[in-house]
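Each residue of the sequence shown is one higher than the last, beginning at 2 in my numbering. Note that beta-carbon positions come from the ideal geometry of N, C-alpha and C, so glycine has one too. Written below as structure tokens is the structure these notes are about.
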Amino acid sequence: MTDRFLFLSWQGWGMLGILLVTAALVLLAVRSYKNGRFNLPLLAAFYGCGIFTFAHQMHERYIFPAVVFLLAAWALCGDRRLWRAAALFSATLLVNMAAVYYNVGGDQFLESGFSTFLVRATGLVSTAGFCWLAWLCWRLLVRGEA
């Protein structure tokens, strides 16, 4: 947590990620409320996925509620893209959980080349998925495009 990347420690990057996701949540909430498009499950899913993606010391179990909130948001507004986002985060959750449970009790997993690839690929997919979700939230909540 104390190792530096660019000009911040990893913990600093995590705190910055939390602050930015929280600021984006407030912006989305205020704008959607003013436009009459306030969708609490979608905002909760946005926040959960954002914190999972950009905060430090996250575990796989923290994404479970966000997937449930995405499904609830899909049930409320019926936009199929929300179902797809839930499926995407469910898939990355499955890969994360499978890797953890398969390697319980051993650190050899973290030392192999395949594990490095798997962790990085899953992280990349989760990050891209959150960026897509953020864009989707903006379109649904602020611009009113369904």
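Exposure of VAL31, with buried meaning 16 or more beta-carbon neighbours within 10 Å: Counting the other CB atoms within 10 Å of its CB gives VAL31 a total below 16, which places it among the exposed residues.
SER91 and VAL68 closer than 7 angstroms at C-beta: yes
Contact under 7 angstroms by Cβ, VAL22 with PHE53: no
Terminal residues of the alpha helix (DSSP H) in which TYR102 lies: 81 to 103
Classification of TYR48 by the beta-carbon crowding that lies within 10 angstroms, buried from 16 upward: A residue is called buried when at least 16 other Cβ atoms come within 10 angstroms of its Cβ; TYR48 meets this threshold and is buried.
Cβ shell of MET98 (< 6 angstroms), same chain only, five flanking positions each side left out: Taken in chain order, the residues that qualify are GLU61.
Where GLY18 sits in the DSSP three-state scheme: helix
Residues near PHE150 by beta carbon distance below 7 angstroms, same chain, minus five either side: What the structure shows of the chain is the stretch from 2 to 147, and residue 150 is not part of that stretch, so it cannot be assessed.
THR128 burial status per 10 Å Cβ neighbour count (16 or more: buried): Exposed, by the Cβ-count rule.
Through-space distance from PHE118 to LEU125, alpha-carbon basis: Their Cα atoms are separated by approximately 10 angstroms.
Between the CA atoms of LEU28 and ARG38 - distance to the nearest angstrom: 13 angstroms
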